[in-house]
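Heads up, the thing below is written out as structure tokens.
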Amino acid sequence: MSDKFEADLSVELGPLKLKNPVLVSSGTFGYGEEYGDFYDPSRLGGMVTKSITLEEREGNPPPRMVETPCGTLNSIGLQNVGVERFLREKLPVLRGIETVRIVSIAGSTPDEYAEVARRLDGAAGVDAIEVNASCPNVRRGGISFGSSPGQLSALTAAVRSAARLPLIVKLSPNVTSVEEIGRAAVDAGADALSLLNTFRGMAIDVETRRPLLGGVTGGLSGPAIKPLALWHVYQLTLNLDVPVIGMGGISTGTDALEFILAGANAVAVGTANFVQPLTPVNVIRDIEDYCRSHRVSAISSLVGAARRTGAEPLPER
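Heads up: the sequence shown runs through residues 555 to 871, numbered per our numbering.
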């Protein structure tokens, strides 16, 4: 006899309702249409587009990606089509994907972020905005906003005043205190946080004796950063009551479950999309299998369960 047990995989991310907790992260899934030959993106709990800026951007000089042990370094530089082309060319396709559609935005000034948000607000097919305040690969904007509580607060407030859509802020790990930065975003109007973006790093060619990336430094992602990202999710959600999308090295259902147990309401698959495009749907299947075998009736019941064991982290020294 087949096992008829079915778990409720739906989760809430602030005002957003997701059919399951698995999303794909910004910069790894294009504008939503690129992976359609592999599977129907409507199976996802949600998706986040490439970061969109006010004007079209060419990005950084090549090479832009370098493979490293257990991960990759990227220095794309926010290449994108700009908000007007996005609305005209990309959004019509995005509307056909029946999942939560989150548009990532970026800029060089708070006014640019706010203007992009204003143009997206009310556009059919846009369910939420993610503020990319943490890209380490641009000279202006990005991490310069995400490394200062005051600047991030002002940026978040500017976007919040420009749009009524649910607002998610993506945090950088390249700061002294992720918790302090996250609190500044929440106090300024963020509905949820994405935790976290890439770690700054570099690679050097010993033959040419020059950096391998055209932009010299890049963002490290992939399995190499998973323990670090997991710790940040655990620590932040332990001290700050806010919905979180956890990410960083997720390539299996077990990885995703670790983030959920640490306190993430949802998770996002990033670098693994480049290695195995079917990773997100495989992660959803793995979570379903886990819930069935462990008789977990609702995945939401596992959010933060690792914090309910009574164990507290040791102080750093």
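Virtual Cβ for every residue (Gly too), placed ideally from N, Cα, C.
A quick note: this is a predicted structure, and the numbers were derived from the prediction, not measured.
| Asked | Found |
| --- | --- |
| I570 in three-state terms, based on DSSP | First, the residue type needs correcting, since residue 570 is Leu and not Ile in the sequence shown. Correct three-state label for L570: strand. |
| Sufficient close CB pairs (3 or more, under 8 Å) joining the segment 641–650 to the segment 608–621 | no |
| Assumed close pair D562, S847 - CB separation to whole angstroms, cut-off 8 Å | 16 Å between Cβ atoms; not a contact. |
| Cα-Cα separation between G613 and I630, rounded to whole angstroms | 6 Å |
| Given A859 as reference, the closest of A816, P781 and A810 once Cα atoms are compared | A816 |
| Residue environment, F813, which counts as buried when at least 16 other CB atoms sit within 10 Å | buried |
| Residue interval of the beta strand (DSSP E) (run including S658) | V654 to I659 |
| Residue span of the alpha helix (DSSP H) that contains G704, given as start and end | P703 to A716 |
| Validate contact between the segment 751–762 and the segment 590–606 using beta carbons, cut 8 Å, 3 pairs | no |
| Euclidean distance between Cα positions of T710 and S579 | 20 Å |
| Range of the contiguous beta strand (DSSP E) that encloses V837 | Unbroken run through V837 is the alpha helix (DSSP H), T833 to S847; no beta strand (DSSP E). |
| From L721, A738 and S702, residue whose alpha carbon lies closest to that of T730 | S702 |
| For T626, the first and last residue of its enclosing beta strand (DSSP E) | G625 to N628 |
| Of the residues A671, A738 and L706, the one placed nearest L790, counting alpha carbons only | A738 |
| From F828, A818 and A717, residue whose alpha carbon lies closest to that of L747 | A818 |
| Runs of beta strand (DSSP E) lying entirely within the segment 576–645, each at least 3 residues, in chain order | 576–578, 600–602, 619–622 and 625–628 |
| Complete beta strand (DSSP E) runs within the segment 720–747 (minimum length 3 residues, chain order) | 721–724 |
| Extent of the continuous beta strand (DSSP E) to which E684 belongs | A682 to N686 |
| Buried/exposed call for T626, threshold 16 Cβ in 10 Å | buried |
| Continuous alpha helix (DSSP H) stretch holding V821: start and end | Premise fails: V821 lies in the beta strand (DSSP E), A820 to V823, not in any alpha helix (DSSP H). |
| V670 and G679 closer than 8 Å at C-beta | no |
| Host beta strand (DSSP E) of L774 (start-end) | G772 to S775 |
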